[in-house]
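Enquirer:
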Amino acid sequence: MLRRKLMSALLLYVFLFPMLAFGQAAAPAPYQAPKEVIDKIKEEGSKNSQVMQTLSYLTDVIGARLTGSPQMKRSNEWTRDTMAKWGMKNARLEAWGPFGRGWTLKDFEAEVVAPYNIPLIAYPKAWSPSTKGAVTADVVYFDAKTDTDFEKYKGQLKNKIVLVSNPRELKADFTGMGSRRTDEELAKLANAPDPSTAPRNDAGVSPERLKMFMDRLVQSAKRMNFLLQEGAAVMVDNSFNGSGGTIFVSGASVAQEVPKSIEEAFGGKRLSPQQKEAEAKMIPQMTMATEHYNRLVRMIQQGEKLKMTVDIQAEYNDDDPMAYNTIAEIPGTDPNLKAEIVMLGGHMDSWHAGTGATDNAAGVAVAMEAARIIQALGLKPRRTIRVALWSGEEQGLFGSLNYVKQHFGEMKGGGGFFGGNTGGQKPELIKGVDYDKLSAYYNLDNGTGKIRGVYLQGNSAVAPIFRAWLEPFKDMGATTLTLSNTGGTDHLSYDRIGLPGFQFIQDEIEYDARTHHSNQDVFDRIQADDMKQAAMIMAAFVYQTAMMDGKIPRKEMK
Ligand SMILES: [Zn+2]
Numbered sequence: 028m029l030r031r032k033l034m035s036a037l038l039l040y041v042f043l044f045p046m047l048a049f050g051q052a053a054a055p056a057p058y059q060a061p062k063e064v065i066d067k068i069k070e071e072g073s074k075n076s077q078v079m080q081t082l083s084y085l086t087d088v089i090g091a092r093l094t095g096s097p098q099m100k101r102s103n104e105w106t107r108d109t110m111a112k113w114g115m116k117n118a119r120l121e122a123w124g125p126f127g128r129g130w131t132l133k134d135f136e137a138e139v140v141a142p143y144n145i146p147l148i149a150y151p152k153a154w155s156p157s158t159k160g161a162v163t164a165d166v167v168y169f170d171a172k173t174d175t176d177f178e179k180y181k182g183q184l185k186n187k188i189v190l191v192s193n194p195r196e197l198k199a200d201f202t203g204m205g206s207r208r209t210d211e212e213l214a215k216l217a218n219a220p221d222p223s224t225a226p227r228n229d230a231g232v233s234p235e236r237l238k239m240f241m242d243r244l245v246q247s248a249k250r251m252n253f254l255l256q257e258g259a260a261v262m263v264d265n266s267f268n269g270s271g272g273t274i275f276v277s278g279a280s281v282a283q284e285v286p287k288s289i290e291e292a293f294g295g296k297r298l299s300p301q302q303k304e305a306e307a308k309m310i311p312q313m314t315m316a317t318e319h320y321n322r323l324v325r326m327i328q329q330g331e332k333l334k335m336t337v338d339i340q341a342e343y344n345d346d347d348p349m350a351y352n353t354i355a356e357i358p359g360t361d362p363n364l365k366a367e368i369v370m371l372g373g374h375m376d377s378w379h380a381g382t383g384a385t386d387n388a389a390g391v392a393v394a395m396e397a398a399r400i401i402q403a404l405g406l407k408p409r410r411t412i413r414v415a416l417w418s419g420e421e422q423g424l425f426g427s428l429n430y431v432k433q434h435f436g437e438m439k440g441g442g443g444f445f446g447g448n449t450g451g452q453k454p455e456l457i458k459g460v461d462y463d464k465l466s467a468y469y470n471l472d473n474g475t476g477k478i479r480g481v482y483l484q485g486n487s488a489v490a491p492i493f494r495a496w497l498e499p500f501k502d503m504g505a506t507t508l509t510l511s512n513t514g515g516t517d518h519l520s521y522d523r524i525g526l527p528g529f530q531f532i533q534d535e536i537e538y539d540a541r542t543h544h545s546n547q548d549v550f551d552r553i554q555a556d557d558m559k560q561a562a563m564i565m566a567a568f569v570y571q572t573a574m575m576d577g578k579i580p581r582k583e584m585k
């Protein structure tokens, strides 16, 4: 799942460049599979489950899967071969791009060496350039908020290791990190209004927030430019969340041109760290555990002179600028319907400090398991079932957006967050070859938590269908339908062109508190029973979508 900070930016963009409006289509009679079929799905999904085996291979053996990296490619190939081995057809990789370069960490070391040795918990940021060998240098706390503050540091940062964040106060954890959705929360979701009835062009972003957001962008652009010009050796920031050894780490910061307007801030000019041209606009950078970061700041404020040794050795993977989604199918068997498609999936790419277990090997393992259950039971779906495992999600849903563009269509004009923006013009749908063949896409990307229901994305016509499909899973906690939208992940690529794309409602478990983009996003944070439950429900939804007479109703485009 993408980070919320970025999502609020995307929300802003949608707010500035409104998308199509949707109404409702008439609902067909709900279809329901015979009880024996659902019982068999439950049995296969509990007694013969492969979901944790799949997860272990992806996380423990292959490891982190940064888009463009050799490990990402290995996971593409391994999932393709595994689904082919299970008897699925047309297992293949589909290219999209160019994405940019990959990044592989070769060696890393970070410690305080004077006044005495302090080992540190820290991780390089993805796409950080390498240091020139192991760098031993003075540590400077860059405590600058305004342009006048910046002046004080002129000439002070050359070849220094620079701490750039504020210290962050930590509180004792009295409540515990793990949680499941309460009945109250679920009731609130169930009673949420239809998002299409909300006032248009109002994403709830006040002018004050817009200004705050813009100021932050300007400030961070100025800071990066200053550090680059002054020749700092290494930039160190404080993990923005987590404690007790948990560090949240994502991509490196690039020195951007200072934006003059919000349009410019989101325009095509922004460099991403995976672009080759960005390399000259970055300095080596890493994120440190908060307890260690805070201590170093306090020591400096007490007048101590610190020296650190930092060695970041990373390799850019430039041989193939394209990225790949893994695709595999269970072919449909009804001569009249087999050309139609039901899709399921989640993104396989991850950040690099953990092994991307909850974000999102979990969704990948569940989607693969759902397909395996249908395949193993020898069920004969009428429509073709297609698994898609995306890449480039963490950089902006790129894998699914490109796939949808190649197969199903795109929105021209009117903008959105992925190019083609002509500013305020009425958007137009350009249908792709398979636009009318897709029934629905089901996504899983909210961590390890079991399924509690479905976000309907304002599509009230599907409610009676999904209500009937949840019924046999009531005793497993999946009961809630909400008209609400949810964001941050790949179902949006479908939803934005009017195709039914759904993300399930999942229990939180430790997602925001511990695992989402952290070094603790690893196999041991996964809850096996939750994964099995999710795979059974996904299998049942996908199978029944493939069996009904008609397609899943679409939101009517107004
Ligand atoms: Zn994510």
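With the first letter of the sequence shown counted as 1, position 437 gets the number 464 in the working numbering; the numbers rise by one all the way through. Note that beta-carbon positions come from the ideal geometry of N, C-alpha and C, so glycine has one too.
What separation, rounded to the nearest whole angstrom, lies between the Cα atoms of Gly446 and Glu304?
Expert: Because Gly446 sits at a pLDDT of 39, beneath the cut-off of 50, its placement in the model cannot be relied upon, and the point is left open.
Enquirer: Starting from the C-beta of Ala380, find all residues in its chain whose C-beta is less than 6 Å away, skip the five residues before and the five after it, and write them out in chain order.
Expert: Contacts found: Tyr150, Val276 and Asn546.
Enquirer: Consult DSSP for Gly446 and reduce its assignment to one of helix, strand or coil.
Expert: Note that Gly446 scores 39 on pLDDT, short of 50, meaning its location in the model is unreliable; the coordinates nonetheless yield the value given after this. Three-state DSSP puts Gly446 in coil, outside helix and strand.
Enquirer: Flag Asp386 as yes when its Cβ comes closer than 6 Å to any non-hydrogen atom of ligand 1, and as no otherwise.
Expert: For ligand 1, at least one heavy atom lies less than 6 Å from the Cβ of Asp386.
Enquirer: Would you mind sorting Met28 into buried or exposed? The rule is 16 or more other CB atoms within 10 Å of its CB.
Expert: By the neighbour-count rule (16 or more Cβ atoms within 10 Å), Met28 is buried.
Enquirer: Could you tell me which residues DSSP puts in a beta bridge with Asn252?
Expert: Its beta-bridge partners do not exist; DSSP assigns none.
Enquirer: Taking just the CA atoms, how far does Gln484 sit from Lys453?
Expert: Cα to Cα, Lys453 sits roughly 21 Å from Gln484.
Enquirer: The beta strand (DSSP E) with Phe425 in it runs from where to where?
Expert: Here Phe425 belongs to no beta strand (DSSP E); instead the alpha helix (DSSP H) covers Phe425 to His434.
Enquirer: Who does Gln312 pair with in a DSSP beta bridge?
Expert: In the DSSP output, where bridge partners are listed per residue, Gln312 has Met262.
Enquirer: Once DSSP output is grouped into helix, strand and coil, what is the label at Glu121?
Expert: Strand, per DSSP.
Enquirer: In angstroms with no decimal places, state the Cα-to-Cα distance between Arg581 and Ser192.
Expert: The straight-line gap from Cα to Cα measures roughly 47 Å.
Enquirer: Looking only at its own chain, which residues have a Cβ that is under 7 Å from the Cβ of Val481, when we skip the five neighbours before and after it?
Expert: These residues qualify, in order along the chain: Phe493, Leu508, Phe529, Phe531 and Ile532.
Enquirer: Starting from Met565, follow the alpha helix (DSSP H) in both directions and report where the run begins and ends.
Expert: Met565 -> alpha helix (DSSP H) spans Ala555 to Met574.
Enquirer: Please indicate yes or no: does the CB of Met375 lie closer than 6 Å to some heavy atom of ligand 1?
Expert: Answer for Met375: no, Cβ out of range of ligand 1.
Enquirer: With 16 as the cutoff for other CB atoms within 10 Å, does Ser76 come out buried or exposed?
Expert: So Ser76 counts as buried.
Enquirer: For Glu138, tell me which candidate among Asp557, Tyr320 and Ser223 has the shortest Cα-Cα distance.
Expert: Checking every option, the nearest Cα to that of Glu138 belongs to Tyr320.
Enquirer: Return yes when at least one heavy atom of ligand 1 lies under 6 Å from the C-beta of Met28, else no.
Expert: Result yes, Cβ under 6 Å from ligand 1.
Enquirer: To the nearest angstrom, how far is the alpha carbon of Ala556 from that of Lys477?
Expert: The amino acid occupying residue 556 in the given sequence is Asp; Ala does not appear at that position. If I take the Cα positions, the gap works out to 8 Å.
Enquirer: Just the Cα atoms here: how many angstroms apart are Met584 and Pro527?
Expert: C-alpha separation (whole angstroms): 12 Å.
Enquirer: Using the beta-carbon count (16 or more within 10 Å), is Met613 buried or exposed?
Expert: No information on residue 613 is available, as it lies outside the stretch 28 to 585 that the chain covers here.
Enquirer: Locate the beta strand (DSSP E) running through Gly373, then write down its first and last residues.
Expert: That run of the beta strand (DSSP E) goes Ile368 to His374.
Enquirer: Among all the DSSP beta bridges, which residues are the ones paired with Arg413?
Expert: Arg413 pairs with Glu356 and Met370.
Enquirer: Have a look at Ala279 and Trp154 and give me their C-alpha separation to the nearest angstrom.
Expert: Rounded to the nearest angstrom, the two C-alpha atoms are 6 Å apart.
Enquirer: Taking the CB atoms as reference points, tell me whether Thr382 and Asn103 lie closer together than 7 Å.
Expert: Contact flag unset, no.
Enquirer: Along the chain, where does the alpha helix (DSSP H) containing Trp103 start, and where does it finish?
Expert: Trp is not the amino acid found at residue 103; the sequence shown has Asn there. Residues Pro97 to Lys112.
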